[in-house]
Amino acid sequence: MNDTKHQLWGRGGWQSVRRGATKFLASLLIVLAICGSAFAQTQRGTWMWGSASHPYGASNVIGDLPLEDELVSYFGAWGVDRVYASVGSLGISDPTSMARWNAALDDMGVESQKLHGIVTPNPVSLANKIQTQLIDFNVSRADPRERFDAVHLDIEPHASAAWDSGTPADRRNLLFDLRDTYVAARAQLDDNGASEVRIYADLPVWYDSSASIGWLDTADRDQWFDDIGVPLDGITMMAFERDTLSKITSGVGWEVANFDGEVRIGLNVNEVGPGETFEDFAAMLTMADDLEAFYGASITGIDFQPMTTYTDLSPTPTFSADFTSDGNIDGADFLAWQKGYGLEVGATLADGDANGSSSVNVFDLAVWKQQFGTPALLGVTAIPEPNSWVLVVVGLCCWPSGRGLLSRESVLAAQEKSTCGVNKLQKLFVDHKKAGPIHGPGLQKIHSHYVRRYCNLLRMSPQ
Ligand SMILES: [Ca+2]
Ligand SMILES: [Ca+2]
Ligand SMILES: [Ca+2]
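Below, the structure written as structure tokens:
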């Protein structure tokens, strides 16, 4: 996959013991509460192409543990909640690495979307890839964390020769072929045990408005957008080559107002520099902030194309979990993080923001965990009484280790040592499940993530 073809999106305006133990347990419950939580503040996506020539190309990162850890940490600093990765057949050639990467993202609340970049849709070829590279892979992974969350279709009929040489009527036909491709992908996922896998698509900002497309009338156009809203969960509008808020909103406004699904806005990181769309990197980030402020909940995030250029231009994030600034990374720092947890804007190091994202979440806890280490934490698990032990297990299940969660083996080994049998654990677990939701839909979502992970680690089925 190359990174340069995306210039076409812009062509012509085209885009984280008793008293002492009680405190500790309370902390673990907070850890539990954050597992799987999405970030309400900055929501950024990025296209991670194969890019073999770049250290952060998908073909170099996935399978290389230090690189994976580094990049996932960066995602936290950058507010990335979705990654669209061109991983090809990696799920077949190296399923272990593919699964580990997906789980590492999942543990941080980042979605893993399998990216397919295509100019001219070939229904047979795409169906084959979706089946062998995504559906078969997902079905083979018992741990839901290891599965792909979505398929991300970057299909560009407007970059094809047939588009260039075609009439407006021909182009309209190409868009109906595109619609049928989305519909076929949805049906294929639904018919093969992958109905939970969502589909997102990239669209230029001008399909709704360009005279180069022979829509019969506005109703014809509206019907096409209604039609693609059925198979698709969301679209990213590629707002390329537009340097002001008004130029971008004029391009994406109709879709934001009318598309029945998520809408995100894509910005081209390759358009940064003197004489380019954005004077510098900071200007592009400001535009992203301005767009989020302008649209609020009407959009679900800003996406950056491509990730490799973003990593080249973004200042390297620095990480420190010494929230108390005393030179030690210890329990006092953990408590500082706990107090600050949930801050979405304006957070400082003292609040528990380890990665400079101005927010305090699981990514910051992961930095603390990495800099503090695990042995001291594991030592506490031998002491508590059964009920408390359950909470410890629950907390540990959600504890981000260097490679995501603690291993199932370590949790099961801890369970062996406890006086609490599986049946009681299960009952307490079910009681806990009945107790939710506690404070609304956000917690409900967190709760379901907790249920899934806890069951999985204890080899239970979430009924
Ligand atoms: Ca538009
Ligand atoms: Ca400290
Ligand atoms: Ca942070």
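Taking this note's numbering, the leading residue of the sequence shown gets 6, the next gets one more, and so forth.
Note that beta-carbon positions come from the ideal geometry of N, C-alpha and C, so glycine has one too.
Just so it is clear, the structure is predicted and the values come from calculations on it, not from any experiment.
{"Item": "Integer-rounded CB distance, given that R191 should sit under 8 Å from P236", "Value": "4 Å"}
{"Item": "Simplified DSSP assignment, three categories, for M242", "Value": "strand"}
{"Item": "Start-to-end residues for the beta strand (DSSP E) that takes in P149", "Value": "Unbroken run through P149: none, as it is neither H nor E."}
{"Item": "Closer than 7 Å: S58 CB and nearest ligand 3 heavy atom", "Value": "no"}
{"Item": "Cβ-heavy atom distance, A337 to ligand 2, below 7 Å", "Value": "yes"}
{"Item": "Cβ neighbours of S56 in the same chain (closer than 6 Å, five flanking residues each side left out)", "Value": "G62 and T313"}
{"Item": "Extent of the continuous alpha helix (DSSP H) to which G167 belongs", "Value": "The question names Gly, but residue 167 is Ala in the sequence shown. Here the alpha helix (DSSP H) through A167 covers A166 to S170."}
{"Item": "The segment 230 to 250 in contact with the segment 270 to 288 per 3-pair CB rule at 8 Å", "Value": "yes"}
{"Item": "Endpoints, alpha helix (DSSP H) assigned at I253", "Value": "L250 to N263"}
{"Item": "Chain C contact for K374 (CB, 8 Å cutoff)", "Value": "In the structure shown, chain C cannot be found, because there is only a single protein chain."}
{"Item": "Three or more C-beta pairs below 8 Å linking the segment 291 to 301 and the segment 224 to 235", "Value": "no"}
{"Item": "Contact test: S217 Cβ vs ligand 3 heavy atom, cutoff 7 Å", "Value": "no"}
{"Item": "Simplified DSSP assignment, three categories, for T316", "Value": "helix"}
{"Item": "When L95, E201, F153 and I307 are compared against I253, the one with the closest alpha-carbon", "Value": "I307"}
{"Item": "Under the three-state DSSP convention, the category Q136 falls into", "Value": "helix"}
{"Item": "Check: F377 C-beta below 7 Å from any heavy atom of ligand 2", "Value": "no"}
{"Item": "Contact test: V268 Cβ vs ligand 1 heavy atom, cutoff 7 Å", "Value": "no"}
{"Item": "Integer Cβ distance of I218 from T186, believed to fall under 8 Å", "Value": "Wrong, their Cβ atoms sit about 17 Å apart, outside the cutoff."}
{"Item": "S117, DSSP secondary structure in three states", "Value": "strand"}
{"Item": "Where the alpha helix (DSSP H) through D285 begins and ends", "Value": "Neither: D285 is in no alpha helix (DSSP H) and is coded neither H nor E."}
{"Item": "Outcome for W220 when other beta-carbon atoms lying within 10 angstroms are tallied against a minimum of 16", "Value": "buried"}
{"Item": "Contact test: V365 Cβ vs ligand 4 heavy atom, cutoff 7 Å", "Value": "For ligand 4, the structure offers nothing, since it holds only ligand 1, ligand 2 and ligand 3."}
{"Item": "I97, enclosing alpha helix (DSSP H) - first and last residue", "Value": "L95 to S98"}
{"Item": "Spatially closest choice to Q375 from V257, T51, P71 and H59, by CA coordinates", "Value": "P71"}
{"Item": "Contact set for V115: own chain, Cβ-Cβ below 8 Å, skip 5 residues either direction", "Value": "V77, F80, V85, D86, R87 and V88"}
{"Item": "Where I97 falls, given that 16 or more other Cβ within 10 Å makes a residue buried", "Value": "exposed"}
{"Item": "Unbroken beta strand (DSSP E) run spanning L348, endpoints", "Value": "Segment: none, L348 is in no beta strand (DSSP E) and carries neither H nor E."}
{"Item": "T186: first and last residue of the uninterrupted alpha helix (DSSP H) it sits in", "Value": "P173 to D196"}
{"Item": "R247, DSSP secondary structure in three states", "Value": "coil"}
{"Item": "Spatial distance of D436 from D148 (CA atoms)", "Value": "Only weak support is given to the placement of D436: the predicted model assigns it a pLDDT of 40, under 50, and the question is left unresolved by the model."}
{"Item": "beta-carbon F328 near ligand 2 non-hydrogen atom, thresh 7 Å", "Value": "yes"}
{"Item": "DSSP three-state assignment for P209, whether helix, strand or coil", "Value": "strand"}
{"Item": "Identity of the residues DSSP links to Y89 by a beta bridge", "Value": "W52 and Q118"}
{"Item": "C-alpha gap between E349 and T241, whole angstroms", "Value": "24 Å"}
{"Item": "Proximity of N197 and R152 at Cβ, strictly below 8 Å", "Value": "no"}
{"Item": "G357 versus S130, A82 and S215, residue with shortest Cα-Cα distance", "Value": "A82"}
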